[in-house]
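Asker:
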Amino acid sequence: MTVGLRIPAKLPAAAEAYALAGIKVFRVRRNKTPYANCARCDRQSSLYVKHRPEACQCGVPTCHGFWAATTDLNLVRRWWHEEPDANIGAPCKLNGWAVVDIDPRNGGRESLQALETRVGLLPSTTMQITGGDGLHIIYRSPGFELPGLGGPGIDFKHNGYILLAPSVHASGGRYQWAGAGTYLPPTADWPETLLPRKQRRAAPVPRAAPRHRFPPLEPHRGRPGGGRMWTVEDLVQHVMDTHEGSRNNAFYFAACRAHELAEQRLIDLGEAEAGLITAASAVGLSDTEARASFDSASTRPSDRGWAA
Ligand SMILES: [Zn+2]
Ligand SMILES: [Zn+2]
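Per the working numbering, numbering of the sequence shown is gapless, rising by one per residue and ending at 767.
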């Protein structure tokens, strides 16, 4: 089983851990005020020299927001030594990530359900629960630009950055990695179904699935809203079908779904738990770990909201 990167609870140590793991990070102030650019990089300054951020030669390590992100351990240490409370930002594209960012305050959950009804369940991969009770689903970058919006409350983040655990959200909540609370590099490519049509490969949207995806399903009729729903068998199958490196994630993903569906009284939670624990053991996850992960899926504060 792949072991994730355990992230220290303190921001300075966590920033170092990411940098050591090769993840480019930069400081983000709690109120998000950017760090000032140097005079050569400041458009308002008479000394400004026109240049693109990625081609900057000024040598000042804080210029241009997320373009300053680095894996240089000395620099990272210095930054968080100066400001131990600074949040940890990570530019998506520069780290090879493309992120589905779901913000529940703006209808992101409903949009996600609508999106998945349309394109099929998104492949499971690394997930982060944001301090604002939202979700980051992190995929490998497709290597070209993406449309920014997936619907109300859903951003496709590629050019921008995200905050990383244990950063503190404006609401006071901390970001945390889903599952065992450790970071694992994303295991799935950006879903082809979310690509602009012209960038999809020749084949039409594959309903017959790559490995991480659910098998194609008949929609359940007679449900208000008409959305496709998953059964306990589907959730179990999802865990069984996922390849080794992503099983923890797949299990947690399925557990979250189980809690959501049970909350909406669409499945029986006990039945789902029994099925998933059995599946976990069949694919080599330890029983204790699986139970802990299943329970932690229920403590996710968003459970209540998803059903709304
Ligand atoms: Zn500069
Ligand atoms: Zn510059």
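Glycine included, every Cβ here is placed at the ideal spot set by N, Cα and C.
Quick caveat: nothing in here was measured; it's all calculated off a predicted structure.
Flag this pair as yes or no: are the beta carbons of CYS551 and ALA545 separated by less than 8 Å?
Answerer: Not in contact: CYS551 and ALA545 (Cβ atoms no closer than 8 Å).
Asker: Whose CA, out of LEU720, LEU744, ALA739 and ALA731, lies closest to the CA of GLN572?
Answerer: When each option's Cα is compared against that of GLN572, the closest is LEU720.
Asker: Would you call GLU429 buried or exposed, if buried means 16 or more other Cβ atoms sit within 10 Å of its Cβ?
Answerer: Coverage of the chain is limited to positions 460 through 767, which leaves residue 429 absent and any answer about it impossible.
Asker: Figure out for me which residue from ALA473, TYR477 and LEU728 has the closest Cα to the Cα of PHE753.
Answerer: Ranking ALA473, TYR477 and LEU728 by Cα distance to PHE753 puts LEU728 first.
Asker: Shortest alpha-carbon distance to ARG591 belongs to which of TYR642, SER626 and GLU604?
Answerer: Position check: residue 591 holds Gly in this sequence, whereas Arg was assumed. Considering only alpha carbons, the answer is SER626.
Asker: When you compare only the Cα positions, how much space is there between GLY609 and TYR620?
Answerer: Approximately 17 Å, taken between the alpha carbons.
Asker: According to DSSP, simplified to helix, strand and coil, what is VAL818?
Answerer: No statement about residue 818 is possible, as the shown extent of the chain runs from 460 to 767 and does not include it.
Asker: Does the region 573-580 come within contact of the region 639-647, defined as at least 3 CB pairs closer than 8 Å?
Answerer: With the cut-off at 8 Å, the region 573-580 and the region 639-647 do not touch.
Asker: Looking at ARG499 and ligand 1, is the gap between the Cβ and the nearest heavy atom below 7 Å?
Answerer: The answer is yes for ARG499.
Asker: To which residues of the same chain is SER705 closer than 6 Å at the C-beta, ignoring the five residues directly before and after it?
Answerer: The residues are THR646.
Asker: Quick check: the Cα distance between ALA480 and ILE726, rounded to an integer number of angstroms?
Answerer: Roughly 40 Å between the two C-alpha positions.
Asker: How should ALA478 be labelled, buried or exposed, when 16 other C-beta atoms within 10 angstroms of its C-beta is the threshold for buried?
Answerer: Looking at its Cβ environment, which holds 16 or more other Cβ atoms inside 10 Å, ALA478 is buried.
Asker: What does DSSP give as the partner residues of ILE547 in its beta bridges?
Answerer: BP columns for ILE547 point to ARG486.
Asker: Excluding sequence positions up to five away, which residues of its chain have a Cβ less than 7 Å from the Cβ of THR589?
Answerer: The answer, listed in chain order, is HIS595, HIS628 and TYR634.
Asker: Here's the rule I'm using: 16 or more other beta-carbon atoms within 10 Å means buried, otherwise exposed. How should THR701 be labelled?
Answerer: Under this definition THR701 is a buried residue.
Asker: Is VAL508 a contact residue of ligand 1, with contact defined as CB to any heavy atom under 7 Å?
Answerer: No, the Cβ of VAL508 stays beyond 7 Å of every heavy atom of ligand 1.
Asker: Please classify HIS702: does DSSP put it in a helix, a strand, or coil?
Answerer: If DSSP states are grouped into helix, strand and coil, HIS702 belongs with coil.
Asker: Taking 7 Å as the cut-off, is the beta-carbon of VAL484 closer than that to any non-hydrogen atom of ligand 1?
Answerer: No, ligand 1 has no heavy atom inside 7 Å of this Cβ.
Asker: Taking the alpha-carbon positions, what's the ILE597 to SER504 distance?
Answerer: Using only the alpha carbons, I get a separation of about 38 Å.
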